[in-house]
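J.: Sharing a structure below in structure tokens format, with a few things to ask.
Protein chains in written order, with the working numbering: chain A, 6 to 242; chain B, 6 to 242.
Structure representation (structure tokens):
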């Protein structure tokens, strides 16, 4: 795929959880550090499984707008109750819930973003709230030019407004933005609105048993194995 | 003033036009480059003088929300008509209006922000729209952790919502934010909401004849002569 195909693209908009950072490893790391005797891999997957249903309650209007930190907290409390885990202090729960602010990027991310940043405006287009994403970026050294997404749009992906408002705030047409994500569904929603698309495969996002998003499910503009591969394909030396 | 006074402050929120960048010099530079025979210093001041009245039309509800790029354009067209300047193409006008995206920082800014960024989350709290501020930062190398302000809040300073929404999106109480501005009025509005305050004097913002904001008009938490002085006073080596 020639980089010249994308000469109108001036901004890359990034999904974050799974695409940029490894949420599963971060939850396992901080969970184990708390000294609780748990299967933290399983806990991480269960917590993450409550993510889409919680956002769906907001999307459907069943509950009013809540930022992702608050949805994570609601889900965490449900999960702790379901597993009969008691005895955690409020500070413990707040610490555990803020693990999403302390996730590490995949090994290729920082070097890839440094190359991509020379040519493109790099923006988040994430369901994470702004404060979460800013804290994560500060800790991990993610060099975003803009932190945008659900909270600024007041809408959770894959609702169109999340994508459209992000492009609008960058002052760009959707066609000038390329959505970068590890998830086919995210790219499908973006492509339907005019975004260019790049799939970066993260076959370890859910651990060894992952069955989804192992390959492209449509003709995305770019399919890359890492952010370095993406930089290469977009002509960013 | 001891840095320990501000141990609860985790983010610095910056006014941009005048405080971070020299809008007058930028307009003169690009205006003169267009080959139009004009007093560009006077033109810059006249254009800027239309800024507050235009925002006031939005604040008062006389007109609906418009981002600053659009208010700048409305003001520019009014100014060109008033001065009887005709013959500019649409491209010329768009180029001139986008000068606000191409402003250079004051000489102390990049070195000062690099020091401050080691300790604080650096966010804009500007009336500039997001795309304008992102383009400016990209060109000038301003290392913002978050680009926030009027457009994300849907309110122009000094309306409280502009400040409060910025703090909220950072996940912070106003008391954990320090407003940095060259304008006493901006600091007064922020302080009334609980923000800490730092006045950075920019006696050349309006050129040699400047009569306003030459000194502190209240007991701000910090008064600094430059961003380097601010870094020094906040204990950022």
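We put the beta carbon where it would ideally sit given N, CA and C, even for glycine.
Because the structure is a prediction, the values reported are computed rather than measured.
(1) Establish whether the CB of residue 162 of chain B and some CB of chain A are separated by less than 9 Å.
(2) Is residue 206 of chain B near residue 187 of chain B, with beta carbons less than 9 Å apart?
(3) Using DSSP with H/G/I as helix, E/B as strand and the rest coil, what is residue 146 of chain A?
(4) On a CA-only basis, which of A:203, A:219 and A:217 is nearest residue 11 of chain A? Give me that one, please.
(5) Quick one: residues in its chain with C-beta nearer than 8 Å to the C-beta of residue 233 of chain B, no 5 flanking neighbours on either side, listed in chain order?
(6) Residue 168 of chain A and residue 132 of chain A: beta carbons closer than 9 Å?
(7) In three-state DSSP terms, what is residue 154 of chain B?
(8) Any C-beta of chain A sitting closer than 9 Å to the C-beta of residue 184 of chain B?
(9) Are the C-beta of residue 241 of chain B and some C-beta of chain A separated by less than 9 Å?
(10) Taking the straight line between their C-alpha atoms, what separation do you get for residue 158 of chain B and residue 89 of chain B?
(11) For chain B, find out if any of its Cβ atoms is closer than 9 Å to the Cβ of residue 140 of chain A; answer yes or no.
(12) Could you check whether the Cβ of residue 104 of chain A sits closer than 9 Å to any Cβ belonging to chain E?
(13) Spatial neighbours of residue 172 of chain A within its chain, please: CB distance less than 6 Å, with the 5 preceding and 5 following residues excluded, ordered by chain position.
(14) For residue 81 of chain A, count neighbouring C-beta atoms within 10 Å of its own C-beta (all shown protein chains included) and say buried if the count is 16 or more, exposed if not.
(15) In whole angstroms, give me the CA-to-CA distance for residue 144 of chain A and residue 54 of chain A.
(16) Would you identify the three-state DSSP class for residue 197 of chain A, choosing helix, strand or coil?
(17) Rounded to the nearest angstrom, what separates residue 146 of chain B and residue 56 of chain A at their Cα positions?
(18) Using the Cα positions of residue 45 of chain B and residue 32 of chain B, report the straight-line distance between them to the nearest angstrom.
(19) Using a Cβ cut-off of 9 Å, pull out every chain B residue sitting near residue 12 of chain A, in sequence order please.
(20) Is it right to say residue 163 of chain B is buried, meaning 16 or more other beta carbons lie within 10 angstroms of its own, or is it exposed?
(21) Quick check on the DSSP output: what are the complete alpha helix (DSSP H) runs of length 4 or more inside the stretch 16 to 50 of chain B, in order along the chain?
(22) For the structure I just gave you, are there three or more beta carbon pairs, one from the stretch 17 to 36 of chain B and one from the stretch 97 to 112 of chain B, closer than 8 Å?
(23) Taking a Cβ distance cut-off of 7 Å, strictly less, list which residues of the stretch 106 to 122 of chain A are near chain B, in chain order.
(24) Hey, could you find the ends of the beta strand (DSSP E) residue 228 of chain A is sitting in?
(25) Using a Cβ-Cβ cutoff of less than 7 Å, which residues in the same chain neighbour residue 77 of chain A once the five nearest sequence positions on both sides are dropped?
(26) Just to check my reading of the structure: residue 15 of chain A and residue 175 of chain B have Cβ atoms closer than 8 Å, yes? What is that Cβ distance to the nearest angstrom?
(27) How about residue 223 of chain B and residue 192 of chain B: do their beta carbons lie closer than 9 Å?
(28) With respect to the beta strand (DSSP E) encompassing residue 126 of chain B, which residues constitute its N-terminal and C-terminal limits?
(29) Which residues bound the beta strand (DSSP E) around residue 186 of chain B?
(30) Got a sec, what are the start and stop residues for the alpha helix (DSSP H) residue 77 of chain A sits in?
(31) I'd like to know whether the C-beta of residue 206 of chain A is nearer than 9 Å to at least one C-beta of chain B.
(32) What is the rounded straight-line gap between the Cα of residue 215 of chain A and the Cα of residue 152 of chain A?
(33) Between residue 174 of chain B and chain A, is any beta-carbon pair separated by less than 9 Å?
(34) With 16 as the cutoff for other CB atoms within 10 Å, does residue 240 of chain A come out buried or exposed?
(35) In the DSSP assignment, find the unbroken alpha helix (DSSP H) run with residue 100 of chain B in it and report its ends.
(36) Using beta-carbon positions only, say whether residue 39 of chain A and residue 100 of chain A come within less than 9 Å of one another.
T.: Judging by the given coordinates:
(1) no
(2) yes
(3) coil
(4) A:203
(5) 113, 116, 117 and 120
(6) no
(7) Strand, per DSSP.
(8) no
(9) no
(10) 36 Å
(11) yes
(12) Protein chains in the displayed structure are A and B, and chain E is not among them.
(13) 179 and 182
(14) buried
(15) 26 Å
(16) coil
(17) 36 Å
(18) One C-alpha to the other measures close to 7 Å.
(19) Result: empty, since nearest Cβ-Cβ is about 18 Å, beyond 9 Å.
(20) buried
(21) 28 to 38
(22) yes
(23) Taken residue by residue, none of the stretch 106 to 122 of chain A has a beta-carbon sitting less than 7 Å from a beta-carbon on chain B.
(24) Here the beta strand (DSSP E) through residue 228 of chain A covers 227 to 229.
(25) 102 and 105
(26) Incorrect: roughly 27 Å between the Cβ atoms, too far for contact.
(27) yes
(28) 126 to 131
(29) That run of the beta strand (DSSP E) goes 182 to 186.
(30) 73 to 87
(31) no
(32) 29 Å
(33) yes
(34) exposed
(35) 95 to 102
(36) yes
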